[in-house]
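Encoded as structure tokens, the structure appears first; notes follow it.
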Amino acid sequence: MNDFERKLSQQVFRQPPAELRAALFGEAENVIVPPNWTWRDWFWPSPSAWGALAALWVGFGAVSFSDSPSAASSASDLARQPLPTTTLLSYHTARDFNHVLDFPN
Amino acid sequence: MPPDLRQLYDDHAPALFAFLLNFTRREADARDVLQEVFLKLTAQPGRLVGVLEMRAFLLRLAHRQAIDAHRRRRTHDAAIERAAAEPVILFAPGADPDEASFRAALTEALAELPAEQRAVVHLKLWEQMTFAEIAEALDIPANTAASRYRYGLDKLQALLRPLYEELR
Numbered sequence: 000m001n002d003f004e005r006k007l008s009q010q011v012f013r014q015p016p017a018e019l020r021a022a023l024f025g026e027a028e029n030v031i032v033p034p035n036w037t038w039r040d041w042f043w044p045s046p047s048a049w050g051a052l053a054a055l056w057v058g059f060g061a062v063s064f065s066d067s068p069s070a071a072s073s074a075s076d077l078a079r080q081p082l083p084t085t086t087l088l089s090y091h092t093a094r095d096f097n098h099v100l101d102f103p104n
Numbered sequence: 000m001p002p003d004l005r006q007l008y009d010d011h012a013p014a015l016f017a018f019l020l021n022f023t024r025r026e027a028d029a030r031d032v033l034q035e036v037f038l039k040l041t042a043q044p045g046r047l048v049g050v051l052e053m054r055a056f057l058l059r060l061a062h063r064q065a066i067d068a069h070r071r072r073r074t075h076d077a078a079i080e081r082a083a084a085e086p087v088i089l090f091a092p093g094a095d096p097d098e099a100s101f102r103a104a105l106t107e108a109l110a111e112l113p114a115e116q117r118a119v120v121h122l123k124l125w126e127q128m129t130f131a132e133i134a135e136a137l138d139i140p141a142n143t144a145a146s147r148y149r150y151g152l153d154k155l156q157a158l159l160r161p162l163y164e165e166l167r
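The structure is reproduced here in structure tokens:
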């Protein structure tokens with residue numbers, strides 16, 4: 000650093016205005032520090048709307064479940080019903096036997 | 000654990016304000032940016048955790064914030080240069096009339112420098128930072144910092160030499 004640089008560096012700058020500190024920390028107290036992440040963040044921008052939609056889905060699900068037959072009863076009903084192919088096969092088998100034994104159909 | 004912001008302000012705000020005043024050449028801008036820097040730190044105190052060179056960190060933040068503020072206002076560097084022509088009081092008042100006239104001349108001479116040269120000159124002369132530190136603070140290569148300083152100082156010397164020689 001030469002003499003000229005030293006001369007420049009000795010010049011003292013103004014201080015920040017005193018009221019700036021008070022204003023700054025007055026305002027800083029009103030700064031809202033963002034909270035930690037919450038589930039509500041996922042539902043931005045309308046948590047109520049998303050909540051209502053979720054409640055509707057639950058409602059529809061409940062109604063749909065109560066109207067439908069139980070799984071066990073459905074299975075036993077189905078088991079009792081003859082399959083269409085089985086009926087058709089039985090008819091053809093009987094006709095063939097009748098034909099062989101020469102019974103009238 | 001982030002440091003106490005009031006203590007941080009007392010320790011560094013004068014240096015930041017001086018830098019911002021010299022860089023932006025407008026007191027209102029210097030105040031606004033200083034305020035923004037500290038409000039940002041209030042909202043995000045975690046940014047200060049682990050910072051080793053606090054002054055350099057804050058100067059870097061202030062420089063970026065000053066540039067962002069001008070970009071937001073679509074004024075950019077041209078406006079900083081225009082503002083440089085406006086009268087501003089950079090230095091503390093002194094009793095010695097010779098010193099006062101030198102400070103007035105220095106204020107005008109600094110206005111003749113481009114903003115980025117002024118930033119480098121300020122950090123070198125008034126913060127005694129090395130070119131490597133200036134480079135990091137301003138996001139420029141160290142060679143660029145050194146050349147900006149050299150050009151800036153040469154210009155200041157050319158503008159102030161008559162008065163400087165007279166006052167010696």
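As you go down the protein sequences, you meet chains A and B in turn.
Oh and the first sequence: position 74 is 73 in numbering that gives the first Met the number 0, straight run, nothing missing.
Oh and the second sequence: position 72 is 71 in numbering that gives the first Met the number 0, straight run, nothing missing.
Glycine included, every Cβ here is placed at the ideal spot set by N, Cα and C.
Below-9 Å beta-carbon distance, residue i vs any chain A residue
i	result
B/ALA17	yes
B/ALA68	no
B/GLN116	no
B/PRO13	yes
B/ALA136	no
B/MET0	Low per-residue confidence applies at B/MET0: pLDDT is 48, beneath 50, and the placement is therefore not dependable enough to give any value.
B/GLN64	no
B/GLN6	no
B/ARG71	no
B/ARG25	no
B/ALA144	no
B/LEU58	no
B/ALA141	no
B/GLN61	This sequence places Ala at residue 61 of chain B; Gln is not what is there. Not closer than 9 Å to any Cβ of chain A, the Cβ of B/ALA61 fails to qualify, so no.
B/PHE22	no
Residue from the options whose Cα sits closest to the Cα of residue i
i	options	result
B/LEU89	A/ASN1, A/PHE3, A/PRO15	A/PRO15
B/ALA68	B/ARG167, B/LEU105, B/GLN34	B/GLN34
B/TYR163	B/GLU115, B/ASP138, B/ALA104, B/GLN116	B/ALA104
A/LEU19	B/ARG30, B/LEU19, B/ARG72, B/ALA14	B/ARG30
B/LEU48	B/ALA145, B/LEU4, B/LEU159	In the sequence as displayed, the identity of residue 48 of chain B is Val instead of Leu. Looking at the Cα atoms, B/LEU4 is the closest of the given residues.
B/LEU137	B/LYS154, B/GLU115, B/ARG102, B/GLN156	B/GLU115
B/GLU170	B/ASN21, B/TYR8, B/GLN156, B/ARG167	This structure does not reach residue 170 of chain B, given that chain B is present from 0 up to 167, and the question cannot be answered.
B/PHE37	A/PRO46, A/LEU23, A/GLY50, A/SER45	A/LEU23
B/GLU135	B/ALA14, B/THR41, B/LEU20, B/LEU58	B/LEU58
B/ARG72	B/ASP28, B/LEU51, B/PRO96	B/ASP28
B/GLU126	A/PHE3, A/LEU7, A/ASN1, A/ASP2	A/LEU7
A/VAL11	B/GLN6, B/THR129, B/PHE101	B/PHE101
B/ARG25	B/LEU60, B/GLN6, B/ALA110	B/ALA110
B/ALA108	B/GLU52, B/ASN21, B/PRO96	B/ASN21
B/ALA12	A/ALA21, A/GLN9, A/GLN80	A/ALA21
B/ARG152	B/THR23, B/PRO140, B/ALA131, B/PRO113	It is Leu, not Arg, that sits at residue 152 of chain B in the sequence shown. Among B/THR23, B/PRO140, B/ALA131, B/PRO113, the Cα nearest to that of B/LEU152 belongs to B/PRO113.
B/GLU52	B/LEU158, B/ASN142, B/ASP10, B/ASP95	B/ASP10
For residue i, the three-state DSSP class (helix, strand or coil)
i	result
B/MET0	Bear in mind that a pLDDT of 48 at B/MET0, under 50, signals an unreliable position, so the number given afterwards is only what the model happens to contain. The answer is coil: DSSP assigns B/MET0 none of H, G, I, E or B.
Could you name the residues of the segment 85-114 of chain B whose beta carbon sits closer than 9 Å to any beta carbon of chain A, in the order they occur along the chain? In summary, the residues of the segment 85-114 of chain B whose CB is separated from some CB of chain A by less than 9 Å are ILE88, LEU89, PHE90, ALA91, PRO92, GLY93, GLU98, PHE101, ARG102, LEU105, in the order they occur in the chain.
With 7 Å as the C-beta to C-beta threshold (strictly closer), list the residues of the segment 50-66 of chain A near chain B in chain order. The residues in question: there are none.
Chain-ordered residues of the segment 7-31 of chain A with a beta carbon less than 9 Å from chain B: Those residues of the segment 7-31 of chain A that come within reach of chain B (Cβ to Cβ, closer than 9 Å) are LEU7, SER8, GLN10, VAL11, PHE12, ARG13, GLN14, PRO15, PRO16, LEU19, ARG20, ALA22, LEU23, PHE24, GLU26, ALA27, GLU28, VAL30, ILE31.
Relative to chain A, which residues along the segment 146-158 of chain B have a C-beta separation below 9 Å, given in chain order? Listed by position along the chain: LEU152, LEU155, GLN156.
Any C-beta of chain A within less than 7 Å: which residues of the segment 43-55 of chain B qualify? Those residues of the segment 43-55 of chain B that come within reach of chain A (Cβ to Cβ, closer than 7 Å) do not exist; the list is empty.
May I have a chain-ordered list of the alpha helix (DSSP H) segments no shorter than 4 residues that lie completely inside the segment 83-165 of chain B? Entirely contained in the segment 83-165 of chain B, the alpha helix (DSSP H) runs reaching 4 residues are, in chain order, 96-110, 114-124, 130-137.
Residues of the segment 123-134 of chain B in Cβ contact with chain A at a cutoff of 9 Å, in chain order, please. Against chain A - using a Cβ distance shorter than 9 Å - the residues of the segment 123-134 of chain B are LYS123, LEU124, TRP125, GLN127.
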